[in-house]
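Take 0 as the starting number for the sequence shown in numbering that gives the first Met the number 0 and just add one per residue.
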Amino acid sequence: MNVQISRQLHPVSPAGARALVRIVIVGHVDHGKSTLIGRLLHEVEGLPDGKLDALKAVSARRGMPFEWSFLLDALQTERDQGITIDTSQIRLRTPARDIVLIDAPGHAEFLRNMITGAAQADAAVLIVDATEGVRDQTRRHGYLLHLLGVRQVMVVINKMDRVAFDAGKFREIETEIAAQLAGLGLTPSAIIPISARNGDGVARHTSSTAWYRGPTVLAALDAFVPARPPHDLATRLPVQAVYKFDDRRIIAGRVASGRIRVGDDVLIMPAGKPACIKSIEAWPERETSQTPRVAIAGQSVGITLDRDIFVERGDVVCASTSPAASARRLRARVFWLHQRPLAVGGHITVRIGTAESTAVVAAIEEAVDPGLLASDGAEVIAQNHVGEIELALSRPIAIDPYTADPNTGRIVLEFEGRIAGGGLILTAQAAALDTTSGPRPGKVASTARASRTGVNSDELRAKASALAQVFASLSPAERIAHLRREVAGKIVFTTSFGLEDQVILHLLSERTDDIAVVTLDTGRLFPETYALWAQTERRYGVRIRALHPRHGDLETLVERDGINGFYDSRAARLACCTVRKVEPLERALAGARGWIAGLRAEQSAHRQDMALVTAEAERGLIKLNPLFDWTREELLAFVSSNDLPVNSLHAQGFASIGCAPCTRAIAPDEPERAGRWWWEEESKKECGLHSHRP
Ligand code: SF4
């Protein structure tokens, strides 16, 4: 479908004054998408003159009630007759926004278009039928938005007229859809009861939904935040060619983002060579006074630099203050088109802008069948399927994550000389870090042994060392941000809902990048901890994945040692912790390249020997304890000033809270972790999660 409604009914504002938002509409075909679109076009007076009256007259002649969806059908017919219109991209003007509504008829095609850059959505409207409630389809549509990284979502519960505008029914669906979306990391900006057919809740509230206090659909559309225009982003000029012209070397390319100005300091990435823009060339050559001084995103230019440095096709001229990463490894979400599945170890060619590198597929996670819109658990990505992959590049390339710059955050994959897929770059891993020695403001510990993950332990240690130097002077939030930038691949935050964990989760909630949040549910937690878990998920709109002990291991343990055997011997206690915590932790960290935990040095004498940053060579990852140097006072102050949800047991004298049978309250003069395994000697209190046992 392709419809263009070009009529302008609102006053035309100066160029650039009205923001453009691209919104994808997802929902089952029978849930009223066409009706809502037809109704919206009518409400914003976006229909061609006389169209509505003509359709109403036709319906009356045929003895049929008028349906808003006829509008789209009629517009589609006109297009089929070669007249106007594109019904997959419908433009309308709300009071504050220019909006492009993108219909998503086929998931596979839409996913491919989004991932390869043919289509782009800044926000989404998810339609649910009030008579049917949340179905598997709805869950799949939420998954689609999650895959595409669309963070702004409005949910409309349509056909409320068919359930007699029942507030209870609405609340039931609202709760269910909010929970479903929370599990995918999505928090709807609004959940709106409407009748698209009758107009209730679309442009105005009616007495039918007097019990509802939120925005109308139009108001919620107006509240969507548009994507930043390319010229507002950091400067990126991918080099297409370098020409020798008389005594000048002219660097040619199209400004992908930001703007290039004569006199700007730039870095040529991936090598990181500094230079200054000397001129922007013009053809035919003009008087010096008329040569351009600035070029913005979208313009093709030739520039010269103030110094003679080697620049080649594939390099990217970047703002010196915010350069692209120079990456040897990257993680991407890709759509695979080739009939031969993409597998770990496969060799492909990667193109990013004008750069090219051969690459090896280092890891595949979350292969998804777009038809089912669910992870298929496969370790290969089949034709027309989607997956997250980690690529090891044969040479460094300048890249940006897609979330930082959609213009330079895409990759094209080639296989056997043909385009075989495309994708969005999720994260980049720097090609090299400055590991020169200097004062050691942060400690670095290593638990390196022979790596079983294929990660070079020397490189890992060097990286941890470099990060520790940088992290020492950063805030916890900056440490997390820096870790995300520097570590390509999965990063996992493990929470046990302690005060430290709640602070870290709060910091993560202020970021949009993907860090998995998991908890280890030993099955012996306090009821208060489970309550806090649910409260935390509600507050942040996230689902915290739980890893449980393996059934068989648990049965063997309890059969052998009894349900509370941990009181009897240290060996039984360690066995219990291994089955209930340590083994699930290993599953949580499988394939991860980064691990965030809530350790603080002050917690115990043993923890003072730990570190802010650790190279865990055996697990092939970098571990960060972002609050490592925080005092308990700093912790409590942050919790209080941000009104964080905390375990109600703290008010009863519990400090560090683990499993119920192994935790007691402490006296005011006791150390923080005195209540954990209180029957054990102080030096034997770790359980193996954060320290390898002697
Ligand atoms: Fe078992 Fe206690 Fe360890 Fe929990 S803390 S896993 S109950 S020994």
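By construction, the Cβ of each residue, glycine as well, lies at the ideal position given by its N, Cα and C atoms. Source: prediction; values computed, not measured.
Handout entry: Per-residue DSSP class, three states only, for Ile172
Key = Position 173 of the sequence shown holds residue 172. Helix at Ile172.
Problem - Residue range of the beta strand (DSSP E) that includes Gln151 - result: Stepping through the sequence shown from its first residue, residue 151 is reached at position 152. Start and end: Gln151 to Asn157.
Problem - Proximity test, Thr521 beta-carbon vs the ligand SF4 heavy atom, cut-off 7 Å - result: Numbered from 1 along the sequence shown, position 522 holds the residue referred to as residue 521. Indeed, a heavy atom of the ligand SF4 lies less than 7 Å from the Cβ.
Handout entry: Contact the stretch 249-267 vs the stretch 225-238: 3+ CB pairs below 8 Å
Key = yes
Exercise for the section: Assuming His140 and Val310 form a contact by the criterion Cβ under 8 Å, report the distance between their Cβ atoms to the nearest whole angstrom. Expected result: Taking the first residue of the sequence shown as 1, we reach residue 140 at position 141. Taking the first residue of the sequence shown as 1, we reach residue 310 at position 311. Not really, about 46 Å apart at Cβ, beyond 8 Å.
Exercise for the section: Please go through the same chain and pick out, in chain order, the residues whose beta-carbon is closer than 7 Å to the beta-carbon of Glu601, but skip the five residues on each side of it. Expected result: Within the sequence shown, the letter at position 602 stands for residue 601. Excluding positions up to five away in sequence, the list reads Thr630 and Arg631.
Handout entry: Beta-carbon contacts of His204 that lie in its chain and below 8 Å, excluding the five residues immediately before and after
Key = Against the sequence shown, residue 204 aligns to sequence position 205. Tyr211 and Thr215, listed in sequence order.
Practice task
Pull up the distance between the alpha-carbon of Arg559 and that of Cys575, whole angstroms please.
Solution key: Counting from one through the sequence shown, the residue named residue 559 turns up at place 560. Counting from one through the sequence shown, the residue named residue 575 turns up at place 576. Computed Cα separation, rounded: 11 Å.
Exercise for the section: Name, in chain order, the residues that DSSP records as bridge partners for Ile89. Expected result: In the sequence shown, residue 89 corresponds to position 90, counting from 1. Leu100, per the DSSP bridge assignment.
Practice task
Over the uninterrupted alpha helix (DSSP H) stretch that includes Lys462, give me the two end residues.
Solution key: Counting from one through the sequence shown, the residue named residue 462 turns up at place 463. Its alpha helix (DSSP H) spans residues Ser456 to Phe470.
Problem - Segments assigned alpha helix (DSSP H), at least 4 residues, entirely inside the stretch 610-659 - result: 631-640
Practice task
Starting from Leu19, follow its DSSP beta bridges and name the residues at the other end.
Solution key: As a first step, residue 19 is located in the sequence shown; it is residue number 20 there, counting from the start. Asp97, per the DSSP bridge assignment.
Handout entry: As assigned by DSSP and simplified to three states, the class of Leu329
Key = Walking along the sequence shown from the start, residue 329 turns up at place 330. In the structure shown, Leu329 sits in a strand (DSSP, three-state: E or B).
Practice task
Report yes if the C-beta of Lys489 is less than 7 Å from at least one heavy atom of the ligand SF4; otherwise report no.
Solution key: Locating residue 489 in the sequence shown gives position 490, where the first residue counts as 1. Lys489: no, Cβ never under 7 Å from the ligand SF4.
Handout entry: Stretch-stretch touch, CB-based, cutoff 8 Å, three pairs: the stretch 340-348 with the stretch 298-309
Key = no
Problem - Phe565 - DSSP class collapsed to helix/strand/coil - result: Mapped onto the sequence shown, residue 565 falls at position 566. Here Phe565 sits in helix by DSSP.
Practice task
Have a look at Arg579 and Cys686 and give me their C-alpha separation to the nearest angstrom.
Solution key: Start at 1 with the first residue of the sequence shown, and residue 579 comes out as number 580. Start at 1 with the first residue of the sequence shown, and residue 686 comes out as number 687. Rounded to whole angstroms, Arg579 to Cys686 spans 11 Å at the Cα level.
Handout entry: Span separating the alpha-carbon of Val502 from that of Pro625
Key = For the purposes of this step, residue 502 is taken as the residue at position 503 of the sequence shown. For the purposes of this step, residue 625 is taken as the residue at position 626 of the sequence shown. Taking the straight line from one Cα to the other gives about 10 Å.
Practice task
Can you tell me which of the three DSSP states Arg409 falls into?
Solution key: Here residue 409 refers to the residue found at position 410 of the sequence shown. Strand, per DSSP.
Practice task
Out of Pro269, Ala270, Met268 and Pro291, point me to the one whose CA is closest to Ile279's CA.
Solution key: Taking the first residue of the sequence shown as 1, we reach residue 279 at position 280. Nearest of Pro269, Ala270, Met268 and Pro291 to Ile279, Cα basis: Pro291.
Practice task
Out of Leu125, Asp160 and Glu131, state which residue places its alpha-carbon closest to the alpha-carbon of Leu143.
Solution key: For the purposes of this step, residue 143 is taken as the residue at position 144 of the sequence shown. The residue with the shortest Cα to Cα distance from Leu143 is Leu125.
Problem - beta-carbon Pro526 near the ligand SF4 non-hydrogen atom, thresh 7 Å - result: To locate residue 526, count along the sequence shown from 1; it is residue 527. No.
Problem - Rounded C-alpha distance that separates His230 from Gly262 - result: Residue 230 sits at position 231 when you count from the first residue of the sequence shown. Residue 262 sits at position 263 when you count from the first residue of the sequence shown. One C-alpha to the other measures close to 18 Å.
Handout entry: Whole-angstrom C-beta distance between Asp199 and Thr208, which should lie under 8 Å
Key = Within the sequence shown, the letter at position 209 stands for residue 208. Within the sequence shown, the letter at position 200 stands for residue 199. With a Cβ gap of about 6 Å, Thr208 and Asp199 count as contacting.
Handout entry: Heavy atom of the ligand SF4 within 7 Å of Pro660 beta-carbon
Key = The residue you call residue 660 lines up with position 661 of the sequence shown. Flag set: Cβ of Pro660 near the ligand SF4.
Practice task
Taking all protein chains shown into account, decide if Gly167 is buried (16 or more other Cβ within 10 angstroms of its Cβ) or exposed.
Solution key: As a working mapping, residue 167 is identified with position 168 in the sequence shown. When all chains shown are included, Gly167 counts as exposed.
Handout entry: When Pro228, Gln607, Ala530 and Leu584 are compared against Ala296, the one with the closest alpha-carbon
Key = Taking the first residue of the sequence shown as 1, we reach residue 296 at position 297. For Ala296, the nearest C-alpha among the options comes from Pro228.
Handout entry: C-alpha distance - Ile101 paired with Val315, whole-angstrom precision
Key = For the purposes of this step, residue 101 is taken as residue 102 along the sequence shown, with counting starting at 1. For the purposes of this step, residue 315 is taken as residue 316 along the sequence shown, with counting starting at 1. Computed Cα separation, rounded: 32 Å.
Exercise for the section: Identify which residue in Gly422, Glu679, Val152 and Arg161 has its Cα closest to the Cα of Leu183. Expected result: On the sequence shown, residue 183 is found 184 positions in, with the first residue counted as 1. When only C-alpha atoms are compared, the closest one is Val152.
Problem - Arg618 at chain D interface by Cβ criterion, 8 Å - result: No chain D appears in this structure, which consists of one protein chain only.
Exercise for the section: May I ask you to report which of helix, strand or coil DSSP gives Leu180? Expected result: On the sequence shown, residue 180 is found 181 positions in, with the first residue counted as 1. Three-state DSSP puts Leu180 in a helix.
Exercise for the section: Look at the Cβ atom of Glu42, then the Cβ atom of Val155, and state whether they are nearer than 8 Å. Expected result: Reading the sequence shown from its first residue, position 43 is the one you call residue 42. Reading the sequence shown from its first residue, position 156 is the one you call residue 155. The answer is no: Cβ separation not under 8 Å.
Practice task
Measure from the alpha carbon of Asn197 to the alpha carbon of each residue in Lys158, Val293 and Gly420, then state which is nearest.
Solution key: As a first step, residue 197 must be located in the sequence shown, where it is residue number 198. It is Lys158 whose Cα lies nearest to the Cα of Asn197.
Problem - Val359 in three-state terms, based on DSSP - result: Here residue 359 is taken as the residue at index 360 of the sequence shown, counted from 1. It is a strand residue.
Problem - Coil, strand or helix - Pro475 by DSSP - result: Here residue 475 is taken as the residue at index 476 of the sequence shown, counted from 1. Here Pro475 sits in helix by DSSP.
Practice task
Just the C-alpha distance for Val224 and Thr555, rounded to the nearest angstrom, thanks.
Solution key: By one-based count along the sequence shown, residue 224 stands at place 225. By one-based count along the sequence shown, residue 555 stands at place 556. Going from the Cα of Val224 to the Cα of Thr555 covers about 54 Å.
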